[in-house]
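A.B. asks:
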Amino acid sequence: MTMEYSEPFDCVVVGGGAAGAAAALGLANAGHRVALIERRPRPVFSDAAPVTRVATLNVASMALLENLGVAEVVLRRRGHPFHRMDVWDANSGAALRFDADEVGVPVLGWTVEHLALEASLWEALENAGVVLLPDTNWRALDWRLDRIDVHLADQRVLGARLLVAADGAESPLRTRSGIAVRRNPYHATAVVATVATRFPHQDTAWQRFDHGSILAFLPLADGRCSIVWSLPDTSAQDVMQLDDDAFAQALRDALGGRLGDIESVSPRAAWPLIGRQAQEYARGRLVLLGDAAHTIHPLAGQGLNLGFADVRELLRVVPGSAAGGPASPSALQTYTRKRRWENEIMLRSMESLRWLFGTSLPVVASARAFGVGQVDRHMVLKRFFAVTALGSRGS
Ligand SMILES: Cc1cc2nc3c(=O)[nH]c(=O)nc-3n(C[C@H](O)[C@H](O)[C@H](O)COP(=O)(O)OP(=O)(O)OC[C@H]3O[C@@H](n4cnc5c(N)ncnc54)[C@H](O)[C@@H]3O)c2cc1C
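Under this note's numbering, the letters of the sequence shown match residues 5 to 399, in that order.
#1: Excluding five sequence neighbours on each side, which residues of the same chain lie with their C-beta closer than 6 Å to the C-beta of residue 189?
#2: So what's residue 406 in DSSP terms, helix, strand or just coil?
#3: According to DSSP, simplified to helix, strand and coil, what is residue 217?
#4: In the region 36–121, which residue ranges form an unbroken beta strand (DSSP E) of at least 3 residues, counting only runs that do not cross its ends?
#5: Between which two residues does the alpha helix (DSSP H) holding residue 151 run?
#6: Run the CB neighbour count on residue 147, radius 10 Å, all protein chains shown included, and call it buried at 16 or more, exposed below.
#7: Could you check what DSSP says for residue 257 in three-state terms: helix, strand or coil?
#8: Within the present structure, is the beta-carbon of residue 60 separated from the nearest heavy atom of ligand 1 by less than 6 Å?
#9: Given residue 233, which residues of its chain have a CB within under 6 Å of its CB, disregarding the five upstream and five downstream residues?
#10: Per DSSP, residue 166 forms a beta bridge with which residues?
#11: Please determine, among 359, 329 and 174, the residue with the shortest C-alpha to C-alpha distance to residue 281.
#12: What residues are listed by DSSP as bridge partners for residue 298?
#13: Can at least three beta-carbon pairs, one atom from the region 163–171 and one from the region 227–242, be found at a separation below 8 Å?
#14: According to the Cβ coordinates, are residue 401 and residue 151 closer than 7 Å?
#15: Near residue 3, which residues of its chain fall below 6 Å by C-beta distance, leaving aside the five closest residues on each side in sequence?
#16: Could you name the residues of the same chain whose beta carbon sits closer than 7 Å to that of residue 84, not counting the 5 residues immediately before and after it, in chain order?
#17: What does DSSP give as the partner residue(s) for residue 208 in the beta ladder?
#18: Starting from residue 320, follow the alpha helix (DSSP H) in both directions and report where the run begins and ends.
#19: So, residue 119 versus residue 47, is the Cβ gap smaller than 7 Å?
#20: The beta strand (DSSP E) with residue 3 in it runs from where to where?
#21: Compute the distance between the beta-carbons of residue 87 and residue 75, then report whether it is under 7 Å.
#22: Give the secondary structure of residue 358 by DSSP, where H, G and I count as helix, E and B as strand, and everything else as coil.
Written out as structure tokens, the structure is:
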């Protein structure tokens, strides 16, 4: 081990995306000595930077950010609340509208930019004394009795009493540790862009289902919308090749003109969509969270919310520094049992929803119209679905 890190860290987190950075901050706030390894440069937010990736966060995720002391700065950096959700099925015309007032909550969620989230968390990590290692790759792991040694590409070695894999969907740590993952390719791609619309977004998240195509318009602070258009792979390729005018027209038509003409579009990005579930969330002193543990179809905007739920549970089960080592087997077992089960339920629910709205079988289509109509008419059902989506069930 080099001079710099002669003592093992209580926790080493690999992956400084939103989930990893939040976990590192929570562990540091609980009194642990923490290091964070990230292969990309440090995230830096600027008001002049264009909007890039956006996520919708639910109430439970925002509560976590509040506990970590970063909610205010994240929201100041172009975060935006939404008060309504309008969801409809283009084929049957069935529609579902959630209104915060009706459901009895101040907001249904927020749109936040990944860069704002990550930069704010990293600033707080620095203030909390976490050893930050951006632009850093690891090359080998050495599993010892009392720690895991992480060998970095530049020859430094970090000992970890608890090693947290938050290194994303293709998690190199998960692979290297031999943890198997179940994959469910959706044969779909999400096309993502930022657009300006003729009519105001009305602080509403809009979502239209049309067989295999799911289009969401998410309201941004500057009045524009972030769009996520999940399409079968071949249709997505076609959409990526349209020129800007044709893309704007296709979006307008797909949304049925609800927000009028699309007045400008940003460059587009495409994300292949794959569901994943790791077979184990913990092995020895290694624990998985966020996309390293699971990925899900973005139709309900739940991926990062589930990652933050992992973080909350990890912080709940891992004892503070005064109470002993952070990698107690029973704590990690509790974490695995709870989080794997809850994520599995959400994964399967999303797969069923996708099938339900993707199928054109007449009997399913009419059941779908009936079901959506029932939910929309019954306040108890509506509250149930809203509260589940807000992430506040059981709390
Ligand atoms: C189109 C689309 C829309 C979405 N919309 C939403 C939404 O509205 N709401 C929502 O909750 N979720 C949404 N999601 C899901 C969400 O984006 C992810 O769940 C979330 O970003 C995962 O965060 P993470 O920190 O776990 O992983 P990541 O953000 O992938 O971070 C992993 C980090 O690990 C680093 N890393 C990887 N390998 C190494 C290595 N070897 N060494 C060091 N560092 C490494 C990476 O550089 C990266 O910074 C969406 C996903 C998609 C595809």
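Even glycine gets a Cβ: it sits at the ideal position worked out from N, Cα and C.
C.D. replies: To lay it out plainly:
#1: 278
#2: Residue 406 lies beyond the range of the chain shown here (5 to 399); nothing can be said about it.
#3: strand
#4: 38–41, 58–61, 84–86, 88–93, 99–103 and 113–117
#5: Segment: none, residue 151 is in no alpha helix (DSSP H) and carries neither H nor E.
#6: exposed
#7: helix
#8: yes
#9: 195 and 219
#10: 15
#11: 174
#12: 281
#13: no
#14: There is no way to answer for residue 401, as the model of the chain reaches only from 5 to 399.
#15: Absent from the structure is residue 3, since the part of the chain shown begins at 5 and ends at 399.
#16: 114, 115, 223, 224 and 225
#17: 88
#18: 307–321
#19: yes
#20: Not covered by the structure: residue 3. The range shown for the chain is 5 to 399.
#21: no
#22: helix
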